[in-house]
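Just so we're aligned, residue 9 is where the sequence shown starts under our numbering, counting upward by one. A virtual CB, placed ideally from N, CA and C, is assigned to each residue, including glycine. Just so you know, these numbers come straight off a predicted model, no measurement behind them. I have placed the structure first, in the form of structure tokens, so that the comments after it can refer back to it.
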Amino acid sequence: METEEFISGFCRTCNGSQTVCCEYEEKDGKRILTFMDCAYKRCVNQGACEIYKEAHQLGSEEE
């Protein structure tokens, strides 16, 4: 089953507020992040991104 979460927070790259849609899939009792509608894998601020951290806290592991 897939679910969506919308996470709002400050984006350093955009220098402003962003709302990011995250999609999760449930497998074997774990919630796996399968999609984020931002370029988090290429983002230079990924290590300090609160949106990224929250998205991964809501899921059990990355895709």
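Alpha-carbon to alpha-carbon, residue j and residue i
i          : j          : result
residue 71 : residue 42 : Caution applies to residue 71, whose pLDDT of 43 falls short of 50 and renders its modelled position unreliable; the value that the coordinates give is listed next. Taking the straight line joining both Cα atoms gives about 5 Å.
Close beta carbons around residue i, own chain, < 7 Å, minus the five adjacent residues each side
i          : result
residue 67 : 32, 39, 40, 41
Reference residue i; option with closest CA among the options
i          : options    : result
residue 46 : 34, 20, 65 : 20
residue 11 : 65, 29, 59 : 29
Sequence-distant residues of the same chain with beta carbon closer than 6 Å to residue i, five excluded per side
i          : result
residue 34 : 9
residue 16 : 27
Status (buried if at least 16 other CB within 10 Å, exposed otherwise) for residue i
i          : result
residue 52 : exposed
Where residue i sits in the DSSP three-state scheme
i          : result
residue 32 : strand
residue 55 : helix
residue 26 : strand
residue 49 : coil
Own chain, CB closer than 8 Å to residue i, minus 5 neighbours either side, in chain order
i          : result
residue 25 : 16, 17, 18, 19
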